[in-house]
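S.K.:
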Amino acid sequence: MVAFWILAPVMVAAALGLLFARKAVHAALLLAVVMISLAVLYAVQDAPFLFAVQIIVYTGAILMLFLFVLMLVGVDASDSVVETIRGHRLFSTIAGLAFGLTLVLGVAQVSFGTVIGLDSANKDGNVPSIAQILFTRYVFAFEVTSALLITAALGAMVLAHRERLTPKPTQAQLAAQRIKDYAEHGKHPGPLPPPGVFARHNAVDTPALLPDGTASEASISRVLAARGTVKSAPDIAADINELDTPGGDA
Numbered sequence: 001m002v003a004f005w006i007l008a009p010v011m012v013a014a015a016l017g018l019l020f021a022r023k024a025v026h027a028a029l030l031l032a033v034v035m036i037s038l039a040v041l042y043a044v045q046d047a048p049f050l051f052a053v054q055i056i057v058y059t060g061a062i063l064m065l066f067l068f069v070l071m072l073v074g075v076d077a078s079d080s081v082v083e084t085i086r087g088h089r090l091f092s093t094i095a096g097l098a099f100g101l102t103l104v105l106g107v108a109q110v111s112f113g114t115v116i117g118l119d120s121a122n123k124d125g126n127v128p129s130i131a132q133i134l135f136t137r138y139v140f141a142f143e144v145t146s147a148l149l150i151t152a153a154l155g156a157m158v159l160a161h162r163e164r165l166t167p168k169p170t171q172a173q174l175a176a177q178r179i180k181d182y183a184e185h186g187k188h189p190g191p192l193p194p195p196g197v198f199a200r201h202n203a204v205d206t207p208a209l210l211p212d213g214t215a216s217e218a219s220i221s222r223v224l225a226a227r228g229t230v231k232s233a234p235d236i237a238a239d240i241n242e243l244d245t246p247g248g249d250a
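In full-length UniProt numbering, the protein residues as written are 1 to 250.
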């Protein structure tokens, strides 16, 4: 009872903050507060299996999946709240009333029903007792929930699939575009020369040498050039002379 009066206000405040939070990340963190508080209530009421499932599955897996999607989509991404789907508000109202009626019936059944106690309910163990009730009395609800989860997974796959608006370019079209960029903007159509080509070694600070003997600026990172750590022309010339001398590296 003490844990309930401590955690209940925290859960209500976190749930209200979840509804009115402006940022999705804050809403997800407030949802974590509600889930962890609910798990503590399960533990206090001698339901270790529900406590473990609440922490591992919901808080540890599903909520982390929410945060992963938020980080992937972007925390600043938001949908329009003005334009709604036709019949969306009516359907939401009916679903909310049905869910509220389900909660009222559940609470009424617990309040006015016969309480047998935890010793009788868990005489064979907490997990076997839950499994027996789940797959006998509530097997229909279990199967409906399984179908709902499968439908949600398929819906997520459909929503994540992005239709291509334009046909995928072929290799010939890509090559033609590279030549067009070279003609209009001077962008080299081929790959950039790697560092160290035609030089003594392939260090990143050694520029590639073109066939005429000049250094290629495109082969060196602009960061190294700004730092002044690129080998100078005399150093490169010394390497070339060393290669030309008898006994030099081939």
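By construction, the Cβ of each residue, glycine as well, lies at the ideal position given by its N, Cα and C atoms.
Note that the structure is predicted; figures quoted are calculated from it, not measured.
When the Cα atoms are used, what is the spatial distance from Leu7 to Ala226?
M.R.: Rounded to the nearest angstrom, the two C-alpha atoms are 59 Å apart.
S.K.: Find out if the Cβ-Cβ distance for the pair Ala52, Leu30 is shorter than 9 Å.
M.R.: no
S.K.: Around the Cβ of Pro207, are there at least 16 other Cβ atoms within 10 angstroms (buried) or fewer (exposed)?
M.R.: buried
S.K.: For Ala250, count neighbouring Cβ atoms within 10 angstroms of its own Cβ and tell me buried if that reaches 16, exposed if not.
M.R.: Since pLDDT at Ala250 reaches only 45, below the 50 mark, its modelled position is unreliable, and the value read off the structure follows with that caveat. Exposed, since its Cβ has fewer than 16 Cβ neighbours within 10 Å.
S.K.: Does the beta-carbon distance from Ala95 to Leu41 come in below 9 Å?
M.R.: no
S.K.: Output needed for Pro169: all residues of its chain with C-beta closer than 6 Å, excluding positions within five of it in sequence on either side, in chain order.
M.R.: There are no such residues.
S.K.: Would DSSP call Ala21 helix, strand or coil?
M.R.: Collapsing the DSSP output to three states places Ala21 in coil.
S.K.: Does the Cβ of Gln109 have 16 or more other Cβ atoms within 10 Å, making it buried, or fewer, making it exposed?
M.R.: Label assigned to Gln109: exposed.
S.K.: Could you tell me the distance, in whole angstroms, from the CA atom of Pro9 to the CA atom of Ala32?
M.R.: 15 Å
S.K.: Can you list, in chain order, the residues of its chain with a C-beta nearer than 8 Å to that of Ala176? Leave out the 5 residues immediately preceding and following it.
M.R.: none
S.K.: With a 10 Å radius around its C-beta and 16 neighbouring C-beta atoms as the bar for buried, classify Ile62 as buried or exposed.
M.R.: exposed
S.K.: Alpha carbon to alpha carbon, what distance is there between Phe99 and Phe68?
M.R.: 28 Å
S.K.: Please report how far the alpha carbon of Ala39 lies from the alpha carbon of Met1, in whole angstroms.
M.R.: 15 Å
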